[in-house]
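All the letters of the sequence shown, read from the start, carry residue numbers 0 to 104 under numbering that gives the first Met the number 0.
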Amino acid sequence: MDYILEEVKDFYKVIKLKEFRRTEGVMFDVMTKSMVPKVDAIDRVLHEKSAISPGTVGSVEKAWYMHTHQEDNLFVLHGKRYVELYMPKYGKVESFVITPDYISH
0 MDYILEEVKD FYKVIKLKEF RRTEGVMFDV MTKSMVPKVD AIDRVLHEKS AISPGTVGSV
60 EKAWYMHTHQ EDNLFVLHGK RYVELYMPKY GKVESFVITP DYISH
């Protein structure tokens with residue numbers, strides 16, 4: 000599985016898309032079914048500059064999404080996304096910056 004760049008089992012996995020073709024002005028990459036074997040839906044979310052998601056919830060300024068019964072796959076097509084992941088089993092926050100061209104951790 001040479002497409003897995005980094006993984007902590009049952010927490011997160013960073014994968015690299017497979018380069019399909021490069022020609023002048025064109026970068027064509029693919030994500031094969033083996034990379035993400037189960038996809039139930041694809042959501043397109045567009046954030047305007049400096050948007051925060053989720054926003055403030057009541058008195059909580061920095062709210063979190065908690066998806067206990069699903070596995071999420073984040074695919075950034077444009078712009079930059081700051082992501083924090085937390086799992087009680089590991090007891091720490093992992094922070095990432097994700098763009099179409101790189102992922103820093």
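From the three backbone atoms N, C-alpha and C, an ideal C-beta is built for every residue, glycine too.
Which residue's Cα is closest to the Cα of residue i: the options?
| i | options | result |
| --- | --- | --- |
| Phe27 | Asp42, Lys17, Val7 | Lys17 |
| Val13 | Phe19, Arg43, Glu5 | Glu5 |
| Leu76 | Val38, Thr98, Ala50 | Thr98 |
| Glu60 | Val96, Ile51, His68 | Ile51 |
| Arg80 | Phe10, Ile3, His46 | His46 |
With DSSP run on the structure shown, which of helix, strand or coil describes residue i?
| i | result |
| --- | --- |
| Lys43 | One point to set straight first is that residue 43 is Arg, not Lys, in the sequence displayed. It is coil, neither helix nor strand. |
| Tyr89 | coil |
| Val113 | Given that the chain is displayed from residue 0 to residue 104, the structure contains no residue 113 and the question cannot be resolved. |
| Ile3 | strand |
Based on the DSSP output, what are the partners of residue i in its beta bridges?
| i | result |
| --- | --- |
| Asp28 | Glu18 |
| Ile102 | Ile97 |
Rounding to the nearest angstrom, what Cα-Cα distance links residue i and residue j in this structure?
| i | j | result |
| --- | --- | --- |
| Lys48 | Gly90 | 31 Å |
| Ile41 | Ser94 | 23 Å |
| Gly57 | Lys8 | 34 Å |
| Lys32 | Val38 | 9 Å |
| Val29 | Ser103 | 21 Å |
| Ile73 | Arg20 | Inspection of the sequence shows that residue 73 is occupied by Leu rather than by Ile. Roughly 23 Å separates the two Cα atoms. |
| Glu23 | Tyr101 | 21 Å |
| Lys88 | Thr67 | 13 Å |
Confirm the yes/no value for this check: CB of residue i, any heavy atom of the ligand GDP, distance under 7 Å.
| i | result |
| --- | --- |
| Pro53 | Here there are no bound small molecules, and the ligand GDP is not part of this structure. |
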